Amino acid sequence: MVYLDYSATTPVGYEVLDTYNRTNKDFFGNPNSLHELGVKAKNLMNSATKQIAEIFSVNENEITYTNGATSSNNIAILGVALQNHKRGQHIITSKLEHPSVYAICNYLESIGFEISYVKNDSEGLIDFEDLKSLIRPDTILVTICAVNSETGVRQPLKMIRQIVKKENPNTIIHSDMTQAVGKVSVNFHDVDLATFTGHKIYGPKGIGVLYKNSNITLTPILYGSGSVNMLNPGTPPVPLIVALSKAVRLATTDIEKRERFIERLNLKIVDALSKYEGVMINKTKYTIPHILNISLRNIKAETFLHALEENEIYVSTNTACSSGNMSQSVLAIYNDKVRASSTLRISLSHLTTTEEVNKFITTFDSIYKKLSGLHE
Ligand code: PLP
1103 MVYLDYSATT
1113 PVGYEVLDTY
1123 NRTNKDFFGN
1133 PNSLHELGVK
1143 AKNLMNSATK
1153 QIAEIFSVNE
1163 NEITYTNGAT
1173 SSNNIAILGV
1183 ALQNHKRGQH
1193 IITSKLEHPS
1203 VYAICNYLES
1213 IGFEISYVKN
1223 DSEGLIDFED
1233 LKSLIRPDTI
1243 LVTICAVNSE
1253 TGVRQPLKMI
1263 RQIVKKENPN
1273 TIIHSDMTQA
1283 VGKVSVNFHD
1293 VDLATFTGHK
1303 IYGPKGIGVL
1313 YKNSNITLTP
1323 ILYGSGSVNM
1333 LNPGTPPVPL
1343 IVALSKAVRL
1353 ATTDIEKRER
1363 FIERLNLKIV
1373 DALSKYEGVM
1383 INKTKYTIPH
1393 ILNISLRNIK
1403 AETFLHALEE
1413 NEIYVSTNTA
1423 CSSGNMSQSV
1433 LAIYNDKVRA
1443 SSTLRISLSH
1453 LTTTEEVNKF
1463 ITTFDSIYKK
1473 LSGLHE
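Position in the sequence shown (first residue = 1) + 1102 = this note's numbering.
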């Protein structure tokens, strides 16, 4: 099997799974319980949180566990909207967000909030002048992802923060960092709220993080017994949390070295695919090498995906969560419906081998020739 869909999800790391299993067995107490078993579980959970907080240079009480990035995005964006609606009802986002962010924005729009979509240039970079001009006294939130999940375009969050806070210091900044954490270095201090998920960083599925700067107040969208966590009440999943902290530590180690290796694999694929007239490489100055997006002229991406699958090679058409639709991100960058209508996302990892890349390239060649009617 050649798995080239690491941006959809990653296999759980062996050490991470081991940590999960051991914690489940030896620390099964409810951290909300007052007795010894509860205290033991709570202490372990707290040390896992301390480790995550240290890695991102934030405070432990700024970390909230959720069940994934979709949940974190909901708790963050809805929480800002509910908390600040009397101050303003204007939210700015980009055209390069994950469907979960759009779904929340669409909902907020349906109940009276105003959503503005900041322009981006032909490299996928947010248009800073447009952003500046969109910020108003009633802008309560700017939400812009760190790395676009379909194309890998990375945004300069520090710069975005400077622009936003200069125009309106009360505007809160949220960033969905799901495709950035573990791939490139991130700085939570560039934003007020940040989101990521365990299953994209070789961690378990079903656990995500919301970083919330302690100066920000969110209205909770979930209610229950909040003894440990006000924003996501209920029994904390201690084994998932402890396993996540291991995954975060492993994924944030050797980031640059891994990136250089992945860049070489990426270039090898780009080099091989550039020779096809009917293939467009959707790569710009700002794309990270872990995600390689291509468009196919006159071949349906889904047909190509299944042909690769028959050879046990796995890739995505746009994001796993929006398969079947036109790629909104490719459309936003290239403003070309044909280019956006048939896209494949090949996503790479430090676990990807040169042999796997070679197999992908040769298989791609034979499928391409077959499907485009070019026979040798
Ligand atoms: N945000 C981004 C940028 C993503 O790539 C994804 C997953 O594809 C999500 C959010 C959703 O994450 P989860 O599956 O943990 O809800």
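Beta carbons: idealized from backbone N, C-alpha and C, even for Gly.
Given the structure is predicted, the values throughout are model-derived calculations rather than measurements.
- With respect to the 7 Å criterion, Pro1338 and Asn1368 are not classified as neighbours on the basis of their beta carbons.
- Separation of Ser1468 and Asn1250 (C-alpha to C-alpha, rounded to the nearest whole angstrom) is 30 Å.
- Within the same chain, Ile1401 come within 6 Å of Leu1473 by CB-CB distance, once the 5 residues on both sides are set aside.
- For Thr1299, the shortest separation between its Cβ and any heavy atom of the ligand PLP lies below 6 Å.
- In the structure shown, Leu1367 adopts helical secondary structure according to DSSP, grouped into three states.
- Of the heavy atoms belonging to the ligand PLP, none sits nearer than 6 Å to the Cβ of Asp1107.
- Inter-residue distance for Ala1434 and Val1311 is about 28 Å (C-alpha atoms, whole angstroms).
- Taking non-hydrogen atoms of the ligand PLP into account, the C-beta of Asp1278 is found less than 6 Å away from one of them.
- Between Pro1341 and Val1114, the C-beta spacing is not below 7 Å.
- If you look at Arg1263, you'll find it isn't in any beta strand (DSSP E); it sits in the alpha helix (DSSP H) that goes Leu1259 to Glu1269.
- Partner residues in the beta bridge of Ser1418, as assigned by DSSP, are Arg1447.
- Taking each of Arg1441, Tyr1436, Gln1430 and Tyr1416 in turn and checking the Cα distance to Phe1466, the smallest one comes out for Tyr1416.
- Asp1438 counts as exposed, since fewer than 16 other C-beta atoms from the protein chains shown sit within 10 angstroms of its C-beta.
- Contact annotation: Leu1259 and Val1182 have beta-carbon atoms that are not nearer than 7 Å.
- For Thr1121, the closest alpha carbon among the candidates Val1350, Thr1321, Ala1178 and Met1332 is that of Val1350.
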